[in-house]
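Here's the structure, in structure tokens; my notes come after.
Numbering (our numbering), first residue to last: 2 to 646.
So, in structure tokens, the structure goes:
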């Protein structure tokens with residue numbers, strides 16, 4: 002075939018009916034509903050999206066025009082460049098300065114660091130560090146009042162970027178909502194910073210704590226909008242206009258593992274933010290609020306930590322498709338102790354690769370026009386707006402935090418996420434599937450403990466007067482004052498499985514070997530699928546296995562048990578082998594071996610279960626089982642005191 006003929010070739014047109022017919026045939030008669038996916042947002046994802054799905058969706062043809070779903074700027078990142086703001090980790094100002102210089106030389110273009118690790122930074126060190134021509138991106142959290150006092154006292158000509166905190170989310174993690182004293186101090190600092198550094202965003206509406214508590218995309222967007230309303234209304238009461246308040250806003254999101262949902266989350270947020278601004282008669286450039294993002298800590302695992310590179314890479318990709326202005330990538334070994342130089346380098350390079358090698362910044366809104374993403378964005382926006390209105394009708398974010406209803410809703414979603422991981426409805430490589438028993442993982446490194454002053458002050462000016470060259474951020478820390486509420490607790494999804502592995506390490510440290518026996522019935526090809534499955538399940542709890550030879554008789558199975566003397570065994574084979582060996586196998590195994598626990602791989606038909614259980618069967622290992630509960634009970638066998646070598 003000649004080149005011109007090849008170019009003229011095309012696929013035949015296929016109707017939706019033909020596609021459905023072919024799809025159902027591949028499902029062997031099952032309904033297409035099997036291909037629909039329910040999300041944590043209680044949205045249903047279809048297997049295929051067509052132009053017809055957008056008939057009732059109001060599409061935006063261009064970026065840079067309201068409602069800004071496709072981005073705030075017509076030229077995308079060409080007009081408003083992405084700022085890589087890797088959060089530098091250092092425990093001294095000198096080390097931080099050296100790391101900053103190296104990072105800028107390597108391509109980073111915004112200064113960001115973990116403020117908690119710099120609590121020993123003095124006023125003099127802070128003044129030298131922040132006198133930088135690069136934009137800042139610092140979530141000050143507990144240190145906003147102290148750091149703002151440093152900045153106001155410092156001889157810094159001009160600052161730009163983000164140096165702020167979210168009083169609501171920060172207090173919520175501590176189990177508080179701010180009282181009038183805390184809010185008044187905060188507003189005083191905001192006012193002074195606004196007058197001195199008008200280009201600095203000092204109100205960071207940070208949804209990360211809610212994300213780490215399990216929030217879905219709908220809840221994150223609704224909370225962000227509700228927090229914005231709270232700050233606007235509170236500042237209005239202090240004489241500010243809505244426009245003056247919004248000009249200080251910066252929104253910060255965590256980007257999770259559900260790729261398309263996260264892209265849609267950022268697009269839907271811009272759409273709803275524009276609608277909220279319209280209600281306050283804010284328009285034009287003021288609507289183009291700063292949006293930053295970090296890759297999610299919720300999705301990271303200590304186990305098989307290099308898989309975290311794939312997770313953070315995908316999340317950073319989604320963040321850029323969603324159009325964030327600032328991007329932070331979490332190092333892959335963040336929770337394995339002291340972060341390695343390799344992890345820091347990879348985290349800094351991921352955004353650079355996406356920019357310079359994948360050329361994501363050269364295309365304006367790459368996600369635009371995707372039937373799936375456009376439809377999902379619209380669905381998400383509608384649901385998030387309804388949730389936002391529900392929060393406001395309940396009295397606003399402070400009210401739902403005080404009532405505990407928001408915390409309960411977040412806990413419910415978190416529980417479902419953990420259950421899905423436990424039953425393997427969702428997979429985390431190296432954590433709940435394909436675990437590596439030989440890897441070494443470390444406990445979380447707490448860093449340098451710094452005692453905070455917990456200083457009571459009546460005004461921010463009083464704090465300013467206490468600044469001196471050698472005073473540190475920790476020494477100027479102001480006491481939190483607020484009303485107690487149920488805390489918004491952060492958790493990583495992998496933690497329950499990590500805790501199982503840590504239990505196993507603790508048992509081994511006491512001199513015990515954690516090993517189970519697999520009693521394999523019949524030929525290798527018959528028992529291997531279930532034996533492999535059980536091996537994989539047990540490995541996620543830190544339990545290794547010894548596989549028997551082919552057992553063709555009860556006697557051979559007994560010999561294996563007598564030789565190994567483990568506290569736990571699992572019988573593996575085909576259903577036909579279970580029928581052939583029958584409950585007699587179970588009775589013989591338990592005779593004189595009352596201390597052992599014996600399970601069966603798979604599940605017996607109900608008519609056969611009673612006989613096996615009567616003969617001494619303890620339980621099953623099967624697909625869809627809650628592995629956290631099962632593995633926890635199994636580890637207790639070795640914690641009970643017996644040593645099995």
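We put the CB at the ideal spot given by N, CA and C, even for glycine.
Because the structure is a prediction, the values reported are computed rather than measured.
- For residue 132, there is no enclosing alpha helix (DSSP H), as DSSP gives it neither H nor E.
- Counting of Cβ neighbours within 10 angstroms places residue 26 among the exposed residues, the total staying below 16.
- In its chain, beyond the 5 residues on either side, no residue has a beta carbon closer than 6 Å to the beta carbon of residue 469.
- In this structure, residue 316 places its C-beta atom within 8 Å of the C-beta atom of residue 263.
- Secondary structure note for residue 573: its beta strand (DSSP E) is the uninterrupted segment 569–573.
- Three or more Cβ pairs closer than 8 Å define a contact, and the segment 191–198 meets that threshold against the segment 144–157.
- Here the segment 206–225 lies against the segment 409–418, with 3 or more beta-carbon pairs under 8 Å apart.
- Between residue 179 and residue 191, the gap from beta carbon to beta carbon reaches 8 Å or more.
- In the DSSP assignment, the residues bridged to residue 620 are 600.
- If you draw a straight line from the Cα of residue 259 to the Cα of residue 265, it is about 10 Å long.
- Of the candidates 54, 42, 62, 93, the residue whose Cα lies closest to the Cα of residue 474 is 93.
- Within the same chain, and ignoring the five residues on either side of residue 578 in sequence, the residues whose Cβ sits closer than 7 Å to its Cβ are 522, 523, 527.
- Listed in chain order, the non-local C-beta contacts of residue 305 below 8 Å within the same chain comprise 430, 431, 432, 435, 436, 437, 440, local neighbours out to five positions each way being set aside.
- Sequence-distant partners of residue 515 (beyond 5 residues in either direction) whose C-beta falls short of 7 Å from its own C-beta, in its chain, are 505, 508, 509, 543, 544, 545, 639.
- Between the segment 370–379 and the segment 348–359, the count of Cβ pairs shorter than 8 Å is below three; the stretches do not touch.
- Rounded to whole angstroms, residue 177 and residue 485 show a C-alpha spacing of 5 Å.
- Residue 327: member of the beta strand (DSSP E) spanning 327–329, first to last residue.
- Per DSSP, the continuous alpha helix (DSSP H) segment holding residue 104 begins and ends at 94–106.
- Restricted to the segment 170–229, the alpha helix (DSSP H) segments that are unbroken, complete and at least 4 residues in length are 181–197, 209–213, listed in chain order.
- Where residue 255 is concerned, the enclosing beta strand (DSSP E) starts and stops at 250–256.
- Between residue 255 and the set 321, 558, 273, the nearest pair of CA atoms involves 321.
- Setting aside the 5 residues that flank it on each side, residue 205 is surrounded in the same chain by 140, 163, 165, 166, 167, 251, 253, each with a C-beta closer than 7 Å to its C-beta; the list follows chain order.
- Between the segment 126–139 and the segment 106–118 there are three or more inter-stretch CB-CB distances shorter than 8 Å, so the stretches are counted as touching.
- DSSP lists 178 as the bridge partner or partners of residue 484.
- Residue pairing of residue 521 in beta bridges, as defined by DSSP: 573.
- Non-local beta-carbon contacts of residue 600 in its own chain, meaning distances under 8 Å to residues more than five positions away in sequence, involve 569, 570, 571, 572, 618, 619, 620, 621, 622 in chain order.
- Two segments are said to touch when three or more pairs of C-beta atoms, one from each, lie closer than 8 Å; by this definition the segment 326–342 touches the segment 287–294.
- When only Cα atoms are considered, residue 270 and residue 37 end up about 25 Å apart.
- Within the same chain, 589, 590 come within 8 Å of residue 559 by CB-CB distance, once the 5 residues on both sides are set aside.
- DSSP places residue 40 outside both helix and strand once states are collapsed to three, so it counts as coil.
- With respect to the C-alpha of residue 247, the residue from 442, 532, 277, 331 having the closest C-alpha is 277.
- Residue 434: not part of any beta strand (DSSP E); DSSP gives it neither H nor E.
- Distances from the CA of residue 16 to each of 147, 51, 123, 548 were compared; the closest alpha carbon is that of 51.
- At least 8 Å separates the beta-carbon of residue 333 from that of residue 303.
- Under the three-state reduction of DSSP, residue 516 is assigned to strand.
- Between residue 512 and residue 561, the C-beta spacing is not below 8 Å.
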